[in-house]
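**Q** The sequence shown begins at 510 in our numbering and counts up one residue at a time. Take this structure first; my questions come after.
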Amino acid sequence: MSFLEIDGRAVGYRLLGDPALPLVVLAHPLGMSQAVWDDLLPALLPHYRVLSWDLPGHGSSAAWKGECITPADLAAELLALVEQAGAARFHFAGTSIGGVIGQQLLSANADRLLSATLTNTGAVIGTAEAWQARAKAVREKGLAAMAVDIVPRWFGSAACEREPALLKGWNTIMGRGDANSYALLCDMLGRADFREQLQGLGVPLLLVGGSDDIATPPESLRTLAQCSGAGEPVILEHIGHVPSVECPVVFAELLVKRVS
């Protein structure tokens, strides 16, 4: 684990692999951490140099200092880390809110991208009212209390049956996060709308979803495909919201094809 100070905050990141290989940047879902990518590393490192980081108030990154977070703020944080890695262009993969960061990059920084893989996300995710309600509840109750209801929405039944402690483990990780940073990110998701910003992309774009995803169901990916001109999404059967955790081998194969 390394740290970079960005706008007065310590941001935790990992930069692994051969500097001569293409860089892939990985953006994790809301409430989780860069640990979601751990099981992909053995398959990715022979092909990529891998950069991952923790969102504000998540994992090893300090809480957000301001009163508002935008997709552009998160993309700027990512680009500061890419500069630290010394890469001009890079591949990108992001899940859920990580996919929103990817859409920001596609709309404003497409010249930096070699490819983008967006999973379990949408041009619009949920409703503004639902995100406002969650932000309010998190501020009032804290993340540890809210995790009990939120974490089960992340995983399909197959993953939970295969690993009985999965939900308890991620309850613990989510509960350790900063409630205000999480709430600010909820507010951001309630405002985010990329439906009019993704036309005419010149970047190879792959969309991936899960058949059992409650938060961003397959239709969310299909709508994003229509907005962006991407091909038909890859829908992984019996997978929920976090394919990097639920089927890391399959998901890694999809990413490796980007450079093969």
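Glycine included, C-beta positions come from ideal geometry on N, C-alpha and C. Since we're looking at a predicted model, the values are computed, not measured.
Count the other C-beta atoms from every protein chain shown that fall within 10 angstroms of the C-beta of GLU586, then say buried if there are 16 or more, exposed otherwise.
**A** Counting from 1 along the sequence shown, the entry for residue 586 is found at position 77. Per the 10 Å Cβ criterion, buried.
**Q** Whole-angstrom Cβ separation of GLY749 and ASP722, contact assumed at under 8 Å?
**A** Translated into positions along the sequence shown, residue 749 becomes position 240. Translated into positions along the sequence shown, residue 722 becomes position 213. Indeed they touch by this definition, with Cβ atoms about 5 Å apart.
**Q** Can you tell me which of the three DSSP states VAL520 falls into?
**A** By one-based count along the sequence shown, residue 520 stands at place 11. If DSSP states are grouped into helix, strand and coil, VAL520 belongs with the strands.
**Q** Under three-state DSSP, which class holds THR573?
**A** Reading the sequence shown from its first residue, position 64 is the one you call residue 573. Here the sequence assigns Trp to residue 573, which means Thr is not the residue at that position. Of the three classes helix, strand and coil, the one that applies to TRP573 here is coil, per DSSP.
**Q** Kindly confirm or deny that the stretch 517-529 and the stretch 553-570 touch, where touching means at least three C-beta pairs closer than 8 Å.
**A** yes
**Q** May I ask you to report which of helix, strand or coil DSSP gives VAL633?
**A** Here residue 633 refers to the residue found at position 124 when the sequence shown is read from its first residue. Reduced to three states, the DSSP call for VAL633 is coil.
**Q** Whose C-beta lies closer than 7 Å to the C-beta of GLU705 among residues of the same chain, with five residues either side of it excluded?
**A** Position 196 of the sequence shown, counted from the first residue, corresponds to residue 705. Hits under 7 Å: none found.
**Q** Could you tell me whether the Cβ atoms of ALA572 and SER690 are closer together than 7 Å?
**A** Counting from 1 along the sequence shown, the entry for residue 572 is found at position 63. Counting from 1 along the sequence shown, the entry for residue 690 is found at position 181. In contact: ALA572 and SER690 (Cβ atoms closer than 7 Å).
**Q** Suppose the cutoff is 7 Å on Cβ atoms and the five residues either side in sequence are ignored; what does the same chain contact list for SER616 look like?
**A** Here residue 616 corresponds to residue number 107 of the sequence shown, with the count starting at 1. Same-chain partners within the cutoff: PHE703, GLN706, LEU707.
**Q** Since THR628 contacts PRO752 with CB under 8 Å, what's their CB separation in whole angstroms?
**A** Translated into the one-based positions of the sequence shown, residue 628 becomes position 119. Translated into the one-based positions of the sequence shown, residue 752 becomes position 243. With a Cβ gap of about 6 Å, THR628 and PRO752 count as contacting.
**Q** Any idea what DSSP makes of ALA711, helix, strand or coil?
**A** For the purposes of this step, residue 711 is taken as residue 202 along the sequence shown, with counting starting at 1. For clarity, residue 711 is Gly in the given sequence; the question names Ala instead. Three-state DSSP puts GLY711 in coil, outside helix and strand.
**Q** Report the three-state DSSP secondary structure of ALA529 (helix, strand or coil).
**A** Against the sequence shown, residue 529 aligns to sequence position 20. Coil at ALA529, not helix or strand.
**Q** Taking its Cβ as the centre, do 16 or more other Cβ atoms sit within 10 Å of THR604, making it buried, or is it exposed?
**A** Here residue 604 is taken as the residue at index 95 of the sequence shown, counted from 1. Buried.
**Q** Which residue marks the beginning of the alpha helix (DSSP H) containing ILE578, and which one marks its end?
**A** By one-based count along the sequence shown, residue 578 stands at place 69. That residue, ILE578, is in no alpha helix (DSSP H); it is neither H nor E in DSSP.
**Q** Just checking my contact of LEU733 with THR630 at CB under 8 Å: how many whole Å lie between their CB atoms?
**A** As a working mapping, residue 733 is identified with position 224 in the sequence shown. As a working mapping, residue 630 is identified with position 121 in the sequence shown. 7 Å between Cβ atoms; contact.
**Q** Output the distance between the C-alpha atoms of LEU675 and ALA667, rounded to the nearest integer angstrom.
**A** Here the question's residue 675 lines up with position 166 in the sequence shown. Here the question's residue 667 lines up with position 158 in the sequence shown. When rounded, the distance between both Cα atoms is 11 Å.
**Q** Whose CA, out of GLY608, ALA519, HIS747, lies closest to the CA of GLY568?
**A** The residue given as residue 568 occupies position 59 in the sequence shown. The shortest Cα separation from GLY568 among GLY608, ALA519, HIS747 belongs to ALA519.
**Q** Near ASP582, which residues of its chain fall below 6 Å by C-beta distance, leaving aside the five closest residues on each side in sequence?
**A** As a working note, residue 582 is residue 73 in the sequence shown. Non-local beta-carbon contacts of ASP582 in its own chain, meaning distances under 6 Å to residues more than five positions away in sequence, are absent.
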